[in-house]
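Peer 1: What follows is a structure written as C-alpha cells; I'll ask about it next.
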Amino acid sequence: MAESNPAPTALRMIDIAKYFGSVCALKDINFEVGRNEIVGLIGDNGAGKSTLVKILTGVFPPTSGQLFIADRRVDTGSYSVKTAHSLGIETVYQDKSLGEKQAMWRNFFIGRELTYPLGFLRVREQKKIAHEIMVNTIGFRGRGIGVESKASKLSGGERQGVAIGRAMHFEADLIILDEPTVALSLKEVRKVLNFVHKIKEGGKACIYISHNIADVYEIADRFVVIDRGEIVAGVEKGKISLKELDEFLLEYSHGLKDRGRQ
Amino acid sequence: MSRRASLLGVLGRLEGLPVAVVLALLYAVFIFAAPTVFTGYRIYMSFFQTVPPMLVLAIGLTFVITAGEIDLSFPAVVALSGFVFTWCFQTFGVGWPGFLLALLAGALVGWVNGFLVARLRVPSIMATLAAQFFWYGFTILVAGGLQIDIASVISTPVHTIFVGRVFQVFPLQALWSLGLVIFFWFILNRHRFGQAIMFIGDNAEVARVMGIGVEATRIRLFTLNGALAAFAGLLLTLEINVFYPTQGQGMLLPVMAAVFIGGTSIAGGQGVLMGTLFGMYIIGSLEAGVVATGIGGYWVQLVEGLVMAASVILNIVIGDEGLSALAWTARRWAAPSPSPEKEGRGGG
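Chains as they are written, first to last, in my numbering: chain A, 1 to 262; chain B, 1 to 348.
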C-alpha cells in the first residue's frame with residue numbers, strides 16, 4: 001500500500017467554522033475519526049463540543065468548511081439529520097434522545113418510521129422490533145417496562161440504553177455519545193462503557209464526549225481537547241497516562257485562567 | 001397482576017372511556033330529572049345538529065394543543081369561511097365552488113398563522129390572537145357588517161350531502177364530524193404526521209435532533225386547523241342557511257373546554273381525540289339539559305364549571321396508568337396494605 005494514501009476515515013472535518021450571527025462558536029476545526037477509532041472529545045462547558053456534534057449530525061450546517069463522511073464529501077448545505085442517519089451516523093444525546101410522554105415503540109423509530117405507502121405507521125412491526133431490541137440488546141427483563149411504556153418511566157441508565165440500542169439497531173458506522181453518563185449510577189456508567197467497548201470490537205467508530213476524564217481515558221484511543229471553539233490538543237492514548245492527561249487538562253485550564261487575568 | 005386489574009387495564013386503554021362515562025352519567029341524570037325531554041329522540045337530534053361544527057373545531061384544536069401550541073383564531077375562520085361560501089353561492093348560484101374556496105381560505109389563514117409561528121417564531125397565542133381580530137375585522141369589512149340570507153341553498157347538493165337529514169330526522173353533519181374524528185384519530189395515532197406532532201409537543205428539541213422537520217410540521221398543523229375551522233364554518237352556515245359576520249363568536253371557550261375535558265393536556269405531547277368527542281357532547285348538551293331539568297337558566301354556567309372540573313380531575317387521577325391505577329387507589333383505600341409499593345397518584 002502506498003504511504004501517501006491517507007488512512008480511511010469515518011469522519012473528517014476540514015476548516016469547519018460556525019458563527020451564530022457575529023458570535024464565533026467554532027473556528028479552524030480540523031478533526032477526523034478513523035474507521036475503527038474511539039475518539040474522546042474533551043472540553044469545558046461552552047467550549048463548542050455540542051456545536052461540533054450538531055454540525056456533524058446535520059442539526060444545523062457549518063458557516064464554512066468541508067465535511068467528509070466515510071471519505072466522501074457531503075454538501076453541508078443540504079446535509080440533514082436524515083442524511084446523517086442514511087450515512088450511518090447515530091447520536092446518543094445526554095438528555096434529548098427520547099420523547100418523555102411517548103411509548104417506547106414510537107421512540108425507537110421516530111424520524112425514520114416504518115410506514116405503509118401513505119405514511120401510516122407499521123405499528124405491529126415497530127413494536128416487534130422494539131421488543132426484540134429491548135430484550136436482546138438492552139436486556140430489559142421482567143421490570144414491567146415494555147414497548148408500550150412511556151419514556152418517563154425509565155431510569156436515566158435505561159434511557160441511555162434505549163438510545164444506544166436504537167443506534168445499534170440502525171447499524172451505525174459512527175456513533176456519537178454526547179455526555180452519555182451524566183446523572184447515571186456507577187453500575188449504569190459501566191454498562192455504557194461496555195457498550196462503547198462493543199462498538200470498538202464491532203469494527204465501528206465512536207466519538208465519546210464527556211467531562212469524566214477517567215471514563216474517556218479508559219475507552220478512547222485518542223483524545224481531542226476543544227476550548228473556546230478551537231481544537232487545542234490531540235493526544236494518542238499510548239503517549240500519555242491518565243494522570244498526565246488529567247494534569248495536562250488542569251494545567252491547561254489554569255494556564256488559560258492566568259492568561260485571562262493578565 | 002390479578003386478572004381483574006388487567007381487565008381494567010384493557011378498559012383503561014380504551015381512549016376517552018372516562019369521559020364517555022361522565023357523558024353517560026350526565027345523560028342518566030338528565031333522563032331522571034327531565035324524563036319527558038330526554039326520553040324522546042328530538043333533543044338528541046337537536047344535539048346532533050348543533051354540536052358537529054364545534055366538534056370539527058375541537059378536532060383541530062386537539063391537534064394544535066397536542067403540538068404544544070394554541071390557536072385562538074378559529075372562530076374568525078368560521079366567519080370568514082361562511083362569508084366566502086355565501087358570497088360565491090350568490091355569485092355563481094351553485095354550492096361547490098364556494099365550498100372549495102372557503103376551505104382554501106381557511107387553509108390560507110392557517111398557513112399564515114403557521115408561518116408566523118414556525119418561521120418568524122411569534123408565540124402562537126399572540127399570532128393567532130392577532131389573526132382572530134384581523135380576520136373577524138376583514139370579514140365584517142367585506143360583508144359590510146350585514147348578514148346574508150341564502151335560503152335557496154337548501155336545494156343544492158352541497159346542502160344535502162353535508163347537512164341533509166337521514167330518514168328526515170338524523171342530521172348528516174353528525175356523521176361527517178364523527179367520521180372526521182375517526183379519520184383524524186388514525187392520523188394522530190397511526191400516522192407519521194401525528195407522531196411528529198406528539199414529539200414536537202413533547203419536546204421540540206428531541207424532535208429536531210431525531211430528524212423531524214419541526215417548522216414544516218408546525219406550518220402543516222396550522223394549515224390543517226384553518227381548513228378544519230373552515231369546514232366547521234361551512235357546516236354552520238349550511239345548517240342555518242344564513243351567514244352572519246359574528247358567527248363562530250362564543251365557540252372559542254366551549255371548544256377549548258371540550259378538548260381539556262377530553263383529557264388532552266395543555267402541556268402538549270399527547271392528544272385524546274376520543275375524549276374530545278365525548279367532551280364536546282358533554283359541553284354541547286349541558287345548556288339544553290340544565291334548562292330542561294327546570295332548575296333554571298342561571299344554573300347553566302355553574303353546572304358547566306362543575307362538570308368540567310370533575311372531568312379534568314378524573315383525567316388527572318386516572319393519568320397515564322389507566323383505570324387500573326384507579327382500581328389500585330380504590331383497593332388501597334379499602335385495605336391499606338403495609339407493602340411499600342409506589343404511590344398511586346390519587347391516593348392519600
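Beta carbons are placed, not taken as given, at the ideal position from N, Cα and C, and that holds for glycine.
1) ARG124(A) CB to nearest chain B CB: under 7 Å?
2) Pull up the distance between the alpha-carbon of ARG72(A) and that of PHE140(A), whole angstroms please.
3) Tell me which residue opens and which closes the beta strand (DSSP E) that LYS200(A) is part of.
4) In the DSSP assignment, find the unbroken alpha helix (DSSP H) run with TYR217(A) in it and report its ends.
5) Return the CA-CA distance between LEU287(B) and GLY297(B), expressed in angstroms with no decimal places.
6) Assess, as a yes-or-no matter, whether the stretch 200 to 209 of chain B is touched by the stretch 135 to 145 of chain B under the definition of 3 or more beta carbon pairs within less than 8 Å.
7) If we count the other Cβ atoms within 10 Å of its Cβ and call it buried at 16 or more, is ARG349(B) buried or exposed?
8) Report the residue from ILE42(A), SER241(A), GLU188(A) whose alpha carbon sits nearest the alpha carbon of GLY156(A).
9) Work out the CA separation of GLU179(A) and LEU186(A) for me, nearest whole Å.
10) By Cβ distance, which residues of its chain are closer than 7 Å to ALA227(B), with the 5 residues on each side in sequence left out?
11) Does any residue of chain B have a CB that is nearer than 7 Å to the CB of GLU100(A)?
12) Flag this pair as yes or no: are the beta carbons of LYS237(A) and ASP215(A) separated by less than 7 Å?
13) Mapping DSSP to helix, strand and coil, what is TYR41(B)?
14) Kindly indicate which three-state DSSP category SER152(A) falls into: helix, strand or coil?
15) Of the residues that make up the stretch 155 to 170 of chain A, which ones have a beta carbon closer than 8 Å to any beta carbon in chain B?
16) List the residues of chain B whose Cβ lies closer than 7 Å to the Cβ of TYR93(A), in chain order.
17) For PRO117(A), which of helix, strand or coil comes out of DSSP?
18) Looking at C-alpha atoms only, which residue of ILE31(B), GLY248(B), SER311(B) is the closest neighbour of PRO53(B)?
19) To the nearest angstrom, report how far apart GLY344(B) and VAL312(B) are at their CA atoms.
20) Note down, in chain order, every chain A residue with its Cβ under 9 Å from the Cβ of ILE212(B).
21) Tell whether a beta-carbon distance below 7 Å holds between LEU273(B) and VAL181(B).
22) Would you kindly report the start and end of the unbroken beta strand (DSSP E) that includes ALA233(A)?
23) Taking the alpha-carbon positions, what's the VAL37(B) to ILE43(B) distance?
24) In the DSSP assignment, find the alpha helix (DSSP H) that holds ARG106(A) and state where it starts and stops.
25) Tell me, please, whether the stretch 157 to 170 of chain A touches the stretch 29 to 48 of chain A by the rule of three or more beta-carbon pairs shorter than 8 Å.
26) By how many angstroms is the C-alpha of PRO61(A) removed from the C-alpha of ILE16(A)?
27) Ends of the alpha helix (DSSP H) at VAL255(B)?
28) Below 8 Å, how does it come out for the stretch 233 to 250 of chain A and the stretch 79 to 89 of chain A: are there three or more Cβ pairs, yes or no?
29) Alpha helix (DSSP H) containing GLY40(A): first to last residue?
30) Could you check the C-alpha separation between PRO75(B) and THR91(B) for me, to the nearest Å?
31) Contact criterion: CB-CB distance below 7 Å. Does GLY269(B) meet it with respect to chain A?
32) Counting only beta-carbon atoms, is GLY88(A) nearer than 7 Å to chain B?
33) Is any beta-carbon of chain A found at less than 7 Å from that of PHE162(B)?
34) Could you name the residues of the same chain whose beta carbon sits closer than 6 Å to that of VAL291(B), not counting the 5 residues immediately before and after it, in chain order?
35) Work out the CA separation of HIS211(A) and ILE266(B) for me, nearest whole Å.
Peer 2: Looking at the atomic coordinates:
1) no
2) 38 Å
3) Counting along the chain, LYS200(A) falls outside any beta strand (DSSP E), though it belongs to the alpha helix (DSSP H) covering 186 to 201.
4) 213 to 219
5) Residue identity check: residue 287(B) is Glu in the sequence provided, not Leu. Near 8 Å, if we compare the C-alpha coordinates of GLY297(B) and GLU287(B).
6) no
7) Since the first residue of chain B shown is 1 and the last is 348, residue 349(B) is not available in this structure.
8) GLU188(A)
9) 14 Å
10) LEU103, GLY106, ALA107, GLY110
11) yes
12) no
13) coil
14) helix
15) none
16) VAL209
17) coil
18) GLY248(B)
19) The predicted model places GLY344(B) with a pLDDT of 41, which falls under 50 and marks its position as unreliable, so this point remains unresolved.
20) VAL81, ILE110, GLY111
21) yes
22) 230 to 236
23) 7 Å
24) 104 to 109
25) no
26) 10 Å
27) 252 to 261
28) no
29) Looking at the DSSP string, GLY40(A) is not in any alpha helix (DSSP H); the run it does join, the beta strand (DSSP E), is 38 to 42.
30) 25 Å
31) yes
32) no
33) no
34) GLY297
35) 36 Å
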